[in-house]
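Only one structure is covered here, and it is reproduced in the block below.
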Amino acid sequence: MISMSPVRPGAGVRYLFRGVMVGDGHRAIGTPLRAAQDEAGVPPGVWKGRGLAALGLAAGDVVSERQAELLLGEGRHPDADRIERELLAQGESPARARRATVLGRPIEHNQSAETDKAKERTPWLAFDLVFRPPSTAHIAWALGGDQTRLVLELCQDIARDKTLAWLEESVAQIRSKAGGKQRARVKDGLIVAVFRHYESRAAESKPLLHDHAVVSVRARRPHDGKWGNLSADSLMANIVAADTLYTLHFMEEVSARLGWAWEPREVTPGRRPVMDIAGIDRRLIGWQSTRRQQIEDALSVITARYEERQGHAPGEKASYALACQAADQTRPPKRTELLSLTELRKRWRDSAIRAFGACTVYRLAERARAAAAAVWARVRPVVDVVLAAADVVAVVYVMRGAFAHHHLLAEARRHLSYALRGRRHEPGLDERIVQAAVDDYTRPVGRGRRMTADLRALYPRDTEDQAVLRPLTRKRSAPPYERARLAADALAARVRAARRAERLGSRPRPYTVAVPTASRPSHPPPFRNGRKDGRLPEPETGVDAVEQTRQTLEAARAQMIATLQDSQRAREAAHARRPQPIPATTPQPHTQHPGIQPAPGRTPGGVT
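Every position in the sequence shown, counted from 1, becomes a number in this note's numbering once 228 is added.
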């Protein structure tokens, strides 16, 4: 998963330099950055992003302490000391020389007396994005062999870099004009400093492979190349879509390189499941995440107070806020003992062996491969775009009511994770699912870019069933995701029924039976005459009509067979009573089904 927090001047910058950059340990004042990183056993940070070229940096370069202080702490050029010396040597004043090294507007501007009310808030210097793989990946990384550890770290690198590339290509926007009202794509890309951590911050060390990607708020505008600030709203709105993309890429890399599969696991009844590596002993999850249990215990108390105060269970947004509150209340002090990664892995393996036995630890990879074979034997690697679009719309509609494009995109990526279980998806398949959902199942609502489920498009002829999803949005007694799954199953059944009706109408039958047309009530005209993408609409047939037609056909066929058999028995009895004379020439017999004689007025091919 991905979490996001701002880096502001003052306490935010101090936490960045004394905690994040040294593995969440305790960095004494005056200790050099590289010495503190070596002591904590974490690698040095590296630069990432396509925006580095504008600053004379390259991807993969080590983040020095002075570069981080200038860019992430003051919003200045990472080589500002050299630039300032050169300008001073040319005769520039100290104030002008310093202003030339500032990227965009100085942070002091927000603290001046002339600043209007809209700009008095504390400015953001960076965004701290934390990339954390699923729980079972931490376990395999900590308890597996060295080769497994290196492969999982490579998967983490690839998934993180692909997600950052999507953010800078499709999401990142830069503000301009008064109040940042105008938004535009950044000219070059993002400037990111990545710091890797190996353990949790709890006093009792537990494996927690994760990366802090500190994204600088500075970027260049596309029209004039000047420096400005990124839009925090755009990043925050798409953070869930980025989270699902990162998880999807990580699952695919692990499955491709280690041969492991994934399966959903329900953590909280009625909530979204999480994806875990198949075959990993579930007891190890509780051993690895002791802090999770502390948060869940505190969350149950906070949730009970919320339900007593509000009179209903919290929704998705309120549940997230309550979980953050529980995490803050149970945050433990940092561990003071510093160990290398080799020492940490040895300690973790010994602890797991004492708790669950050596077989559980040493056969972890073997059991994961065996479980993967079983998962892929029963799960087809097929994604139906139409069914996926119906599933996505139903889930998002029940859980949100009105939604935007990034909500559909996040749910489409979750659907791919559940459907493929680690197999690679075709590039752009998530956007195809979203486009199909927008074209066929949604309508705009309000003045913004919001939309909602179009019930008249989902149920164009059954006016009585158009409100089938509405009660699910208002039923507070069931969890939101449980209601969403019920709605998704209902829509999927409707799509399958329409397809089955189309196949029944075009399939050749051995017997053709005329079925009387049932009287149908008058229906209002369909909401849409065609689809937005120019394709013809699929035939609309109700489930009841399909089932009634099938039952009628089967009854007519059974009656016809019974009539033919009675006629055959009557002829055989008549021939037995009155033997017929044998003609002089015997005609050639007709080709027909064995045991069935053609009756007068009927053809051997069927019934008209």
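Ideal Cβ positions, reconstructed from N, Cα and C, are used throughout, including at glycine.
In DSSP terms, what residue i is bridged to
{"i": "I257", "result": "None, per the DSSP bridge assignment."}
{"i": "A421", "result": "W275 and V442"}
{"i": "A412", "result": "I402"}
{"i": "I505", "result": "W490"}
{"i": "M249", "result": "Note: M249 sits in no beta bridge, so no partner."}
{"i": "A354", "result": "V235 and S444"}
{"i": "I230", "result": "F359"}
{"i": "V330", "result": "R304"}
{"i": "E427", "result": "P435"}
{"i": "V290", "result": "V274"}
Inter-residue Cα distance where the pair is residue i and residue j
{"i": "R411", "j": "R677", "result": "15 Å"}
{"i": "S579", "j": "E314", "result": "57 Å"}
{"i": "L244", "j": "V235", "result": "8 Å"}
{"i": "V399", "j": "V414", "result": "10 Å"}
{"i": "L592", "j": "M679", "result": "46 Å"}
{"i": "V291", "j": "W275", "result": "6 Å"}
{"i": "T670", "j": "G733", "result": "28 Å"}
{"i": "A325", "j": "P271", "result": "35 Å"}
{"i": "V241", "j": "A263", "result": "19 Å"}
{"i": "G247", "j": "L300", "result": "14 Å"}
{"i": "G507", "j": "C552", "result": "31 Å"}
{"i": "E766", "j": "P655", "result": "Any answer about E766 is weak, because its pLDDT of 43 lies below 50 and its placement is not dependable; what the coordinates show is given next. Going from the Cα of E766 to the Cα of P655 covers about 26 Å."}
{"i": "A555", "j": "A729", "result": "52 Å"}
{"i": "R327", "j": "S444", "result": "19 Å"}
{"i": "T836", "j": "A715", "result": "Any reading at T836 is ruled out, since the residue's pLDDT is 31, under 50, leaving its predicted position unreliable."}
{"i": "G373", "j": "L569", "result": "13 Å"}
{"i": "M229", "j": "E397", "result": "20 Å"}
{"i": "A317", "j": "A470", "result": "46 Å"}
{"i": "S645", "j": "E639", "result": "10 Å"}
{"i": "M627", "j": "G543", "result": "8 Å"}
Opening and closing residue of the beta strand (DSSP E) in which residue i lies
{"i": "A681", "result": "M679 to A681"}
{"i": "G456", "result": "W455 to N457"}
{"i": "P672", "result": "T670 to P672"}
Option nearest residue i by Cα separation, candidates the options
{"i": "Q663", "options": "A618, I419 and E571", "result": "A618"}
{"i": "L567", "options": "S231, H254 and G269", "result": "G269"}
{"i": "A681", "options": "S645, A632 and P707", "result": "A632"}
{"i": "R649", "options": "P492, L657 and E320", "result": "P492"}
{"i": "A296", "options": "P334, G277, K545 and G273", "result": "G273"}
{"i": "S231", "options": "E654, D439, I257 and R326", "result": "D439"}
{"i": "D668", "options": "L719, I530 and H653", "result": "L719"}
{"i": "V250", "options": "H425, L357, G284 and L280", "result": "H425"}
{"i": "T364", "options": "V529, D356, A281 and R511", "result": "R511"}
{"i": "A602", "options": "A282, R333, I505 and R294", "result": "I505"}
{"i": "S233", "options": "V358, Q375, D266 and W394", "result": "V358"}
{"i": "R722", "options": "L615, A638 and D525", "result": "L615"}
{"i": "K574", "options": "E320, Y625, K434 and R533", "result": "K434"}
{"i": "W394", "options": "E659, L683 and I335", "result": "E659"}
{"i": "G514", "options": "T376, H366, D374 and E397", "result": "H366"}
{"i": "W455", "options": "T391, G279 and V623", "result": "G279"}
{"i": "I402", "options": "S462, S321, R388 and A387", "result": "S462"}
{"i": "A549", "options": "L527, T570 and E536", "result": "L527"}
{"i": "D289", "options": "A256, E320 and A421", "result": "A421"}
{"i": "R595", "options": "Q318, R684, R377 and D509", "result": "D509"}
{"i": "D612", "options": "L378, H305 and R724", "result": "R724"}
{"i": "R448", "options": "G332, L473 and T531", "result": "G332"}
Rounded Cβ spacing between residue i and residue j (contact assumed at less than 8 Å)
{"i": "R446", "j": "G303", "result": "6 Å"}
{"i": "L371", "j": "R577", "result": "6 Å"}
{"i": "T329", "j": "A354", "result": "So it is not a contact: roughly 17 Å between Cβ atoms."}
{"i": "P361", "j": "L418", "result": "So it is not a contact: roughly 22 Å between Cβ atoms."}
{"i": "H643", "j": "I661", "result": "7 Å"}
{"i": "W488", "j": "R652", "result": "Contact flag wrong, Cβ pair sits at about 14 Å."}
{"i": "R485", "j": "C587", "result": "Not confirmed; about 25 Å, so no contact."}
{"i": "G277", "j": "L392", "result": "7 Å"}
{"i": "R713", "j": "L476", "result": "That pair is no contact at about 20 Å."}
{"i": "A605", "j": "L636", "result": "Rounded, the Cβ-Cβ distance is 32 Å, inconsistent with contact."}
{"i": "D452", "j": "A281", "result": "With 8 Å as the limit, D452 and A281 do not qualify as a contact, their Cβ atoms being about 18 Å apart."}
Run of the alpha helix (DSSP H) containing residue i, from where it starts to where it stops
{"i": "S568", "result": "First-last for S568: undefined, no H or E at that position."}
{"i": "F631", "result": "No alpha helix (DSSP H) holds F631; DSSP gives it neither H nor E."}
{"i": "K390", "result": "D374 to W394"}
{"i": "S462", "result": "A460 to A465"}
{"i": "L283", "result": "From DSSP, L283 is part of no alpha helix (DSSP H); its letter is neither H nor E."}
{"i": "A588", "result": "It should be pointed out that residue 588 corresponds to Thr in this sequence rather than to Ala. Note, T588: alpha helix (DSSP H), A586 to Y590."}
CB contact below 7 Å: residue i versus chain B
{"i": "R403", "result": "Of the protein chains in the structure, only one exists, and it is not chain B."}
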